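**Q**
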Amino acid sequence: MSDVAAAAGVSVKTVSRVINNAPSVRPEVTERVLAAISGLGFRRNHIASSLRSGARTATIGLLIEDLANPFYSALAAAVGRCARERGTHLITASSEESPELERQLFLELCQRRVDGLVIVPAGGDHSYMRPELEMNTQVVFVDRPPAGILADSVLIDNAGGTRAGVEALLDRGHRRIGVLSDSTTIYTARERLAGVRAALTAAGVPYDDALVRTDVAHPDQAAAEAAAMLRGGDPPTAFFCGNNRITVGVLAELGRLGADADLLGFDDFELADLMPRPFTVIAYDIGELGRTAAARLFDRIGGDRSWPAETVLPTRLVQRGPRPG
Numbered sequence: 003m004s005d006v007a008a009a010a011g012v013s014v015k016t017v018s019r020v021i022n023n024a025p026s027v028r029p030e031v032t033e034r035v036l037a038a039i040s041g042l043g044f045r046r047n048h049i050a051s052s053l054r055s056g057a058r059t060a061t062i063g064l065l066i067e068d069l070a071n072p073f074y075s076a077l078a079a080a081v082g083r084c085a086r087e088r089g090t091h092l093i094t095a096s097s098e099e100s101p102e103l104e105r106q107l108f109l110e111l112c113q114r115r116v117d118g119l120v121i122v123p124a125g126g127d128h129s130y131m132r133p134e135l136e137m138n139t140q141v142v143f144v145d146r147p148p149a150g151i152l153a154d155s156v157l158i159d160n161a162g163g164t165r166a167g168v169e170a171l172l173d174r175g176h177r178r179i180g181v182l183s184d185s186t187t188i189y190t191a192r193e194r195l196a197g198v199r200a201a202l203t204a205a206g207v208p209y210d211d212a213l214v215r216t217d218v219a220h221p222d223q224a225a226a227e228a229a230a231m232l233r234g235g236d237p238p239t240a241f242f243c244g245n246n247r248i249t250v251g252v253l254a255e256l257g258r259l260g261a262d263a264d265l266l267g268f269d270d271f272e273l274a275d276l277m278p279r280p281f282t283v284i285a286y287d288i289g290e291l292g293r294t295a296a297a298r299l300f301d302r303i304g305g306d307r308s309w310p311a312e313t314v315l316p317t318r319l320v321q322r323g324p325r326p327g
């Protein structure tokens with residue numbers, strides 16, 4: 003931006019005002035800045051053209067964790083449909099649960115002058131986004147809330163859904179429940195563990211750290227942790243699995259061992275009904291999650307400047323596996 007300012011003979015602040023389409027800049031100054039942008043190849047030349055006309059780029063970004071996970075692919079599909087319905091292009095990028103890569107990808111998408119972004123955040127501090135937000139880039143967080151900035155978010159009732167599921171296990175007589183969770187640095191994992199604690203506390207059942215495993219990152223690790231707990235002197239009679247990958251790993255291990263432990267998993271997944279044993283999932287509508295976030299983003303792009311809001315979508319308990327009879 004400083005090179006553009008030098009070429010146009012203006013301040014960096016004036017360049018920022020032109021990029022933000024501020025009405026206070028004189029037309030001749032705007033033309034000089036746009037010419038410098040075009041000449042220096044600062045972002046794309048068609049961006050300068052759109053700035054002249056005040057038009058938007060009709061492009062949004064989607065920053066998620068891992069497209070290989072069915073949760074994120076379904077979320078991307080829902081956001082993509084909403085974008086197409088509005089004649090808008092969607093650029094999708096994966097941060098791979100890395101705060102550094104999240105920041106890099108966010109800034110790269112902003113350099114492409116997307117009108118806004120739907121973000122599943124990896125990091126715990128989003129104050130670095132503030133300059134772009136001040137330049138009218140709209141952002142909606144999904145699945146996890148922002149930190150360090152005010153922005154809209156669309157979340158799942160992680161704690162409430164987990165509490166309802168664990169209460170169902172307790173109602174079936176279970177008192178030793180093995181808990182397998184993703185990293186507690188992740189908001190959803192913390193909320194789901196809070197739901198476990200709330201259910202146990204309400205039932206007067208102690209929270210036993212010996213039955214809790216965190217930082218479970220993939221199905222093979224989940225299977226190994228479940229097997230280790232089952233080999234213990236006082237094994238769990240049920241398991242709570244904090245996400246779909248963990249559930250798949252524990253299901254496979256229970257089948258391999260022929261164990262009859264009850265199982266509750268957060269997140270539904272494809273082929274769940276084809277599993278050879280019954281279990282319960284805490285389900286929600288991923289499509290609704292994506293549609294709600296995208297709709298909020300397009301409201302913001304369209305000029306809605308109301309106070310940022312947090313929307314929490316409900317969950318439900320669903321029985322999976324073979325049906326009785």
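In terms of my numbering, the sequence shown opens at residue 3 and continues consecutively.
Cβ atoms here follow ideal geometry from the backbone N, Cα and C, with glycine treated the same way.
The structure displayed is predicted, hence computed values, not measured ones.
Excluding the five sequence neighbours on either side, which residues of its own chain have a C-beta within less than 7 Å of the C-beta of Cys112, listed in chain order?
**A** Here the set comprises Glu134, Thr139.
**Q** I need the straight-line Cα distance from Gly41 to Ala79, nearest angstrom please.
**A** 38 Å
**Q** Compute the beta-carbon to beta-carbon distance between Pro278 and Asp154, rounded to the nearest angstrom, for a pair I have assumed lies under 8 Å.
**A** Not quite, the Cβ-Cβ distance comes to about 42 Å (not below 8 Å), so this is no contact.
**Q** Could you give the DSSP three-state label for Ser129: helix, strand or coil?
**A** helix
**Q** Hey, could you find the ends of the alpha helix (DSSP H) Asp270 is sitting in?
**A** Taken as a continuous stretch (DSSP letters only), Asp270 belongs to no alpha helix (DSSP H), as it is neither H nor E.
**Q** Among the candidates Asp68, Ala196, Asn71, Glu87, whose CA atom is the shortest distance from the CA of Thr61?
**A** Glu87
**Q** Would you decide whether Ala230 is buried or exposed? Buried here means 16 or more other CB atoms lie within 10 Å of its CB.
**A** exposed
**Q** Tell me Ala95's beta-bridge partners as DSSP assigns them.
**A** Leu65
**Q** Starting from the C-beta of Arg34, find all residues in its chain whose C-beta is less than 6 Å away, skip the five residues before and the five after it, and write them out in chain order.
**A** Ala10
**Q** Between the C-alpha atoms of Ile288 and Leu152, what's the straight-line distance to the nearest angstrom?
**A** 24 Å
**Q** Just checking, does the region 210–228 make contact with the region 250–259 on the three C-beta pairs under 8 Å criterion?
**A** Contact between the region 210–228 and the region 250–259 is established, with three or more Cβ pairs separated by less than 8 Å.
**Q** Assign Glu98 to one of two classes, buried (16 or more other C-beta atoms within 10 Å of its C-beta) or exposed (fewer than that).
**A** exposed
**Q** Does DSSP classify Thr164 as helix, strand or coil?
**A** helix
**Q** Answer with yes or no whether the minimum CB distance from Asp306 to chain B is below 7 Å.
**A** Protein chains in the displayed structure number just one, and chain B is not present.
**Q** Going by the CB atoms, is the gap between Val218 and Val198 shorter than 7 Å?
**A** no
**Q** How far does the beta strand (DSSP E) with Gly289 in it reach, from first residue to last?
**A** Not the beta strand (DSSP E): Gly289 falls in the alpha helix (DSSP H), residues 288–303.
**Q** In the structure shown, what three-state DSSP assignment does Ala240 receive?
**A** The answer is strand: DSSP assigns Ala240 an E or B state.
**Q** Can you check which of these residues, Val14, Gly206, Ile284, Leu69, is closest to Thr164 by C-alpha distance?
**A** Of the listed residues, the one whose Cα sits closest to Thr164 is Ile284.
**Q** Output yes or no for whether 7 Å exceeds the beta carbon distance between Ile303 and Gly175.
**A** no
**Q** In its own chain, which residues sit with a C-beta less than 6 Å from the C-beta of Gly125, not counting the 5 before and 5 after it?
**A** Pro101, Glu104
**Q** Would you tell me roughly how many angstroms separate the C-alpha atoms of Ala8 and Leu36, rounded to the nearest one?
**A** 13 Å
**Q** Determine the direct distance from the alpha carbon of Gly323 to that of Asp1, and round the result to whole angstroms.
**A** Residue 1 cannot be examined here, being either before or after the span of the chain that is shown, 3 to 327.
**Q** What are the start and end residues of each continuous alpha helix (DSSP H) run of 4 or more residues lying completely inside the region 189–270, in chain order?
**A** 189–205, 221–232, 246–259
**Q** Span of the beta strand (DSSP E) holding Ser155?
**A** 154–158
**Q** I'd like to check one pair, Ile158 with Trp315: are the Cβ atoms closer than 7 Å?
**A** Strictly speaking, residue 315 in this sequence is Leu, with Trp absent from that position. Yes, the pair counts as a contact, with Cβ atoms nearer than the cut-off.
**Q** Quick one: give me the first and last residue of the alpha helix (DSSP H) that Thr139 is part of.
**A** That residue, Thr139, is in no alpha helix (DSSP H); it is neither H nor E in DSSP.
**Q** Can you pull the DSSP bridge partners for Leu171?
**A** Bridge partners of Leu171: none, in fact.
**Q** Please say whether Thr317 and Val156 have beta carbons closer to each other than 7 Å?
**A** Judged by beta-carbon spacing, Thr317 lies beyond the 7 Å limit of Val156, meaning their Cβ atoms are not closer than that value.
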